[in-house]
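Trainee: This structure is in structure tokens; I'll ask about it shortly.
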Amino acid sequence: MSILISPSVLNCDFGHFAAELDKIKDADWVHVDIMDNHFVPNLALGMPVFEAAAKYAASPLDAHLMIEDPDTWAPSYAEAGAASVTFHVEAAKAPIRLARELHAKGVRVGLGLRPATDITAYADILGEFDQILVMTVEPGFGGQKFLSSMLPKIRRTRKLIEAAGLETWIQVDGGISQATIASAAEAGANNFVAGSAVFKAADAAAEIGALRSLATEHSAH
Ligand code: DX5
Ligand code: ZN
Numbered sequence: 086m087s088i089l090i091s092p093s094v095l096n097c098d099f100g101h102f103a104a105e106l107d108k109i110k111d112a113d114w115v116h117v118d119i120m121d122n123h124f125v126p127n128l129a130l131g132m133p134v135f136e137a138a139a140k141y142a143a144s145p146l147d148a149h150l151m152i153e154d155p156d157t158w159a160p161s162y163a164e165a166g167a168a169s170v171t172f173h174v175e176a177a178k179a180p181i182r183l184a185r186e187l188h189a190k191g192v193r194v195g196l197g198l199r200p201a202t203d204i205t206a207y208a209d210i211l212g213e214f215d216q217i218l219v220m221t222v223e224p225g226f227g228g229q230k231f232l233s234s235m236l237p238k239i240r241r242t243r244k245l246i247e248a249a250g251l252e253t254w255i256q257v258d259g260g261i262s263q264a265t266i267a268s269a270a271e272a273g274a275n276n277f278v279a280g281s282a283v284f285k286a287a288d289a290a291a292e293i294g295a296l297r298s299l300a301t302e303h304s305a306h
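Position one of the sequence shown corresponds to residue 86 (the working numbering), numbered consecutively onward.
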């Protein structure tokens with residue numbers, strides 16, 4: 086299964102956005118966090134920033150929608166050039182209908198789970214999604230500590246995917262660094278979002294390379 090390193094631009098220097106995107110041109114995906122101050126207690130990014138990322142990023146865009154009513158808003162991110170759109174199961178009114186609508190627009194579709202949301206209830210609909218996002222912090226802010234209590238959920242999700250004979254990716258987001266990425270990879274994640282680890286590093290490209298090597302070395306596949 087492919088290993089992807091997906092830097093989050095949430096805490097980059099937006100005064101030099103194009104230069105910040107240039108620092109991560111070796112990334113597999115560019116992760117853009119969309120927050121509405123309702124689903125999470127933070128207001129961040131949105132369509133104008135997403136469109137700027139689409140213009141200047143070298144890698145495909147991964148939209149992470151931490152918003153209420155993704156049923157209404159998610160399709161516009163597919164239309165604005167996302168390669169992947171992830172919405173949260175806690176917010177979607179009709180996750181299957183929304184996944185199908187997004188697939189019809191040609192994007193990969195992710196289902197996001199907050200830390201307290203279990204995957205088991207969604208076992209029968211995993212086939213509707215290309216990836217499951219297991220949040221490894223409470224969503225809303227960068228720079229938080231990785232919740233190692235999420236490792237069993239990652240393992241459980243990987244087992245359910247395998248039992249269903251699917252190739253679904255598992256993305257982890259929150260507190261991913263050189264200290265935590267191996268445990269997430271061993272548990273079964275293959276797509277790693279890293280915000281502060283990449284943008285606080287003296288050399289973002291080297292940090293992406295180091296994260297990718299660790300994830301590859303410790304990958305469960
Ligand atoms: C948090 C966001 C993350 C965040 C990750 O709610 O979804 O994508 O930017 O930042 P770090 O890697 O610093 O935890
Ligand atoms: Zn995110």
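Heads up, the beta-carbon is just placed ideally off N, CA and C, and yes, glycines get one too. Treat the numbers as computed from the prediction; the structure is a model and nothing was measured.
Under 7 Å: does the beta carbon of Ala-279 sit that close to some heavy atom of the ligand DX5?
Mentor: Walking along the sequence shown from the start, residue 279 turns up at place 194. Under cutoff, so the answer is yes.
Trainee: Excluding the 5 residues flanking His-188 on each side, which residues of the same chain have their C-beta closer than 8 Å to its C-beta?
Mentor: Numbered from its first residue, the sequence shown carries residue 188 at position 103. Taken in chain order, the residues that qualify are Val-194.
Trainee: Three-state secondary structure (DSSP) at Ile-217?
Mentor: What you label residue 217 is simply residue 132 of the sequence shown in a count that begins at 1. Looking at Ile-217 - three-state DSSP - the assignment turns out to be strand.
Trainee: Assign Pro-180 to one of two classes, buried (16 or more other C-beta atoms within 10 Å of its C-beta) or exposed (fewer than that).
Mentor: Mapped onto the sequence shown, residue 180 falls at position 95. Buried is the call here.
Trainee: Taking the continuous alpha helix (DSSP H) assigned at Met-132, which residues delimit it?
Mentor: Residue numbering aside, residue 132 sits at position 47 when the sequence shown is read from its first letter. First-last of the alpha helix (DSSP H) with Met-132: 132 to 141.
Trainee: With the ligand ZN as the reference, list in chain order each residue whose Cβ lies under 5 Å from any of its heavy atoms.
Mentor: This selection yields Asp-118, His-149 and Asp-258.
Trainee: Got a sec, what are the start and stop residues for the beta strand (DSSP E) Thr-242 sits in?
Mentor: Here residue 242 corresponds to residue number 157 of the sequence shown, with the count starting at 1. Where Thr-242 is concerned, there is no enclosing beta strand (DSSP E), although the alpha helix (DSSP H) it sits in stretches over 236 to 248.
Trainee: Going by C-alpha to C-alpha distance, which of Met-151, Val-115 and Ser-144 sits closest to Gly-131?
Mentor: Working through the sequence shown from its first residue, we reach residue 131 at position 46. It is Met-151 whose Cα lies nearest to the Cα of Gly-131.
Trainee: Is any heavy atom of the ligand DX5 found at a distance shorter than 7 Å from the C-beta of Phe-226?
Mentor: For the purposes of this step, residue 226 is taken as the residue at position 141 of the sequence shown. Within the cutoff, so yes.
Trainee: Going by CA-CA distance only, name the one from Ser-169, Leu-299, Leu-198 and Thr-202 that's closest to Glu-186.
Mentor: Residue 186 sits at position 101 when you count from the first residue of the sequence shown. Cα-wise, what sits closest to Glu-186 is Ser-169.
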